[in-house]
Amino acid sequence: MTVEDVLREIKVKVKEIVPSDIQITDVEFEGPLLVIYTKHPQKFAEKEHLVRQLAKMLQKRITVRPDPSVLTDSKIAEKRIKEIIPEEAGITNLYFQPDVGEVIIEAVKPGVVIGKKGALLNQIKKEVNWTPRVVRTPPIQSKTVQEIRAYLRTVSEERKSILRQIGRRLHRGESENEK
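Take a look at the structure:
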């Protein structure tokens, strides 16, 4: 069984569980994760049990990402994120990574950014369609930390392709010789 066969089976199972009003555009392996791309990430955010149900049935770790076509413009998204998050969080930087549909929010108080039970993160997901990831601003300015984070942002496309290769190797099915 090839990786394409495994992915095809998973796509069929995902479409059985996911309601028809949520459009799935792609399903792909990235390292140990199964990444589901959708045009309706806000509906996934509203139905929290859906991802849990998929993970349990497929026995895989799952991440839901917005399809690149539905991402809000980064300028508009930045303005809206700053409106949603309270001033006391101390946002220092926002970095957008369109290749994975992720916005990295660097803040002095990450707990305030997250909100109670992730309420603010879910609100950001629903309103701007970007997946937020919160990181703490270093208490002391560190050039090393800044350079490492900048490097990770610059090689994100390469990292994504490597993760896809690893994911395909990890999740390939049994060959005829192994049976």
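Following this note's numbering, the numbering of the sequence shown begins with 98 at its first residue and continues without gaps. All C-beta atoms, glycine included, are put in the ideal place defined by N, C-alpha and C.
Original post:
Near Leu151, what residues of its chain come up, given a Cβ to Cβ distance below 7 Å and the 5 sequence neighbours on each side ignored?
Top reply: Locating residue 151 in the sequence shown gives position 54, counting from the first residue. Here the set comprises Val111, Ile114, Ile159.
Subject >> Range of the contiguous beta strand (DSSP E) that encloses Asn219 >> reply: The residue given as residue 219 occupies position 122 in the sequence shown. Run containing Asn219: none in the beta strand (DSSP E); it sits in the alpha helix (DSSP H), 216-225.
Original post:
For the candidate residues Glu127, Ile121, Thr122, whose alpha-carbon lies nearest to that of Leu260?
Top reply: For this step, residue 260 is matched to residue 163 along the sequence shown. The candidate whose alpha carbon is nearest that of Leu260 is Glu127.
Original post:
In three-state terms, what does DSSP make of Pro163?
Top reply: Along the sequence shown, read from residue 1 onward, the residue named residue 163 stands at position 66. Of the three classes helix, strand and coil, the one that applies to Pro163 here is strand, per DSSP.
Original post:
Would you call the CB atoms of Val210 and Ala186 closer than 8 Å?
Top reply: In the sequence shown, residue 210 corresponds to position 113, counting from 1. In the sequence shown, residue 186 corresponds to position 89, counting from 1. Result yes, Cβ atoms of Val210 and Ala186 sit closer than 8 Å.
Original post:
Just checking my contact of Gln120 with His146 at CB under 8 Å: how many whole Å lie between their CB atoms?
Top reply: Here residue 120 is taken as the residue at index 23 of the sequence shown, counted from 1. Here residue 146 is taken as the residue at index 49 of the sequence shown, counted from 1. About 19 Å separates the two Cβ atoms, so there is no contact after all.
Original post:
Is the Cβ-Cβ distance between Leu191 and Ile202 less than 8 Å?
Top reply: Taking the sequence shown and counting its residues from 1, the one referred to as residue 191 is at position 94. Taking the sequence shown and counting its residues from 1, the one referred to as residue 202 is at position 105. Cβ atoms of Leu191 and Ile202: closer than 8 Å.
Subject >> Enclosing alpha helix (DSSP H) for Asp170 [first to last residue] >> reply: Walking along the sequence shown from the start, residue 170 turns up at place 73. Run containing Asp170: none; DSSP gives neither H nor E here.
**OP:** Would you mind working out which of Leu104, Lys222, Ser239 sits nearest Lys157, comparing C-alpha positions?
**Re:** For this step, residue 157 is matched to residue 60 along the sequence shown. Comparing Cα positions, the closest option is Leu104.
Original post:
Among Val205, Gln220, Asp196, which residue has its Cα nearest to the Cα of Gln238?
Top reply: The sequence position of residue 238 within the sequence shown is 141, counting from 1. The shortest Cα separation from Gln238 among Val205, Gln220, Asp196 belongs to Val205.
Original post:
By how many angstroms is the C-alpha of Thr99 removed from the C-alpha of Ile173?
Top reply: Taking the sequence shown and counting its residues from 1, the one referred to as residue 173 is at position 76. Taking the sequence shown and counting its residues from 1, the one referred to as residue 99 is at position 2. Each residue's Cα considered, the two are about 42 Å apart.
Original post:
Can you tell me whether Ile245 is buried or exposed, with buried defined as 16 or more other CB within 10 angstroms of its CB?
Top reply: The residue given as residue 245 occupies position 148 in the sequence shown. Per the 10 Å Cβ criterion, exposed.
Original post:
Mapping DSSP to helix, strand and coil, what is Val277?
Top reply: Past the edges of the chain, shown from 98 to 276, lies residue 277, and the structure says nothing about it.
Subject >> CA nearest to the CA of Gly215, picked from Lys240, Glu143, Asp170, Gly264 >> reply: Counting from one through the sequence shown, the residue named residue 215 turns up at place 118. Checking every option, the nearest Cα to that of Gly215 belongs to Glu143.
Subject >> Simplified DSSP state of Thr234, which is helix, strand or coil >> reply: Taking the first residue of the sequence shown as position 1, residue 234 is located at position 137. Note: Thr234 maps to coil in three-state DSSP.
Subject >> Length of the line joining the Cα atoms of Arg230 and Val197 >> reply: In the sequence shown, the residue the question calls residue 230 occupies position 133. In the sequence shown, the residue the question calls residue 197 occupies position 100. Computed Cα separation, rounded: 11 Å.
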